[in-house]
């Protein structure tokens, strides 16, 4: 697609682009939304600088790309349940997302993507890494691709969220998804397991499953498949959860890193 409105600056050959020429606090026209949809398809994660959005504007932005999802693991804001606070400071004992993952793959229908807005960032550190699961899949041998085709894996939210919940009756999702999925828009294949949620491959002994998963995790974390985003105040990252991993680097303690995220729902299970 030729971009007539947006200015696109790719960040690596495999993943990521910075987007210029749009104010996300203003209502988006249909042509702009169409180009942003194409950009997220082309680059998997897109970034914006110098954006100033409030909670209502954040939700409006997310709704331009689909229905907003309620997070199945942590509570949203009291007045805006679709928005999850992302905050770490000198009192934090842990942070969200400091392990490679795709968001909420434990859900029956994992989300399409997420839009993260950070208004406050540390002077140094606090980057987010994103990895292309297209590039990871393409780099596999043909024999490994054939082997993985048709396998399913279990994705469980219990071990992720139980340590941080105070509700003993809370139930967290657990579902099976293909190890390799086909993206519903691009038609490309990508690896769809991750170290945070995936617990085993269906139909294998534990040692076999662990061996295959660990190989895939090491393979997918290759820096050649990654882009690293250095945050500035009032930056936004919008990623396609169906074909990426991401990891929040906690190298800024005790500084503050703070903002909000909305999650965009998907309407079909991974294929």
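In our numbering, the protein residues as written are 87 to 357. Glycine included, each C-beta is placed from N, C-alpha and C at the ideal position.
Got a sec? Which residues, its chain only, sit under 7 Å from residue 279 by beta carbon, not counting five neighbours each side?
On the chain shown, position 193 is the one that residue 279 refers to. Same-chain partners within the cutoff: 239, 265, 299, 302.
Taking the CB atoms as reference points, tell me whether residue 132 and residue 348 lie closer together than 8 Å.
Numbered from 1 along the chain shown, position 46 holds the residue referred to as residue 132. Numbered from 1 along the chain shown, position 262 holds the residue referred to as residue 348. In this structure, residue 348 does not lie closer than 8 Å to residue 132 by Cβ.
Give me whichever residues DSSP pairs with residue 331 in a beta bridge.
Indexing the chain shown from 1 puts residue 331 at position 245. 217.
What does the alpha-carbon distance come out to for the pair residue 281 and residue 260?
The sequence position of residue 281 within the chain shown is 195, counting from 1. The sequence position of residue 260 within the chain shown is 174, counting from 1. Whole-angstrom Cα-Cα distance: 15 Å.
Can you check whether the CB of residue 203 is closer than 8 Å to the CB of residue 243?
As a working mapping, residue 243 is identified with position 157 in the chain shown. As a working mapping, residue 203 is identified with position 117 in the chain shown. It is not a contact, given that the beta carbons lie outside the stated cut-off.
Closer than 6 Å by C-beta to residue 96: which residues in its own chain qualify, once you throw out the five before and the five after it? Chain order, please.
Reading the chain shown from its first residue, position 10 is the one you call residue 96. Answer for residue 96: 103, listed in chain order.
For residue 340, does the three-state DSSP call read helix, strand or coil?
The residue labelled residue 340 in the question sits at position 254 within the chain shown. If DSSP states are grouped into helix, strand and coil, residue 340 belongs with coil.
With three or more beta-carbon pairs closer than 8 Å as the criterion, would you say the region 203-217 touches the region 285-298?
no
Could you tell me which uninterrupted alpha helix (DSSP H) segments, each at least 4 residues in length, are contained entirely in the region 139-180, listed from first to last along the chain?
The qualifying runs are 141-149.
Under a Cβ-count criterion, where at least 16 other Cβ atoms within 10 Å of its own Cβ denotes burial, should residue 352 be classed as buried or exposed?
Along the chain shown, one-based indexing puts residue 352 at 266. Buried is the call here.
Taking Cβ to Cβ, would you say residue 267 is nearer than 8 Å to residue 357?
Reading the chain shown from its first residue, position 181 is the one you call residue 267. Reading the chain shown from its first residue, position 271 is the one you call residue 357. For residue 267 and residue 357, yes; Cβs fall inside 8 Å.
Kindly indicate which residue of 125, 98, 112, 101 has the alpha-carbon position closest to the one of residue 92.
Stepping through the chain shown from its first residue, residue 92 is reached at position 6. Closest option to residue 92, Cα to Cα, is 125.
Do the region 211-218 and the region 304-318 make contact, defined as three or more Cβ pairs closer than 8 Å?
yes
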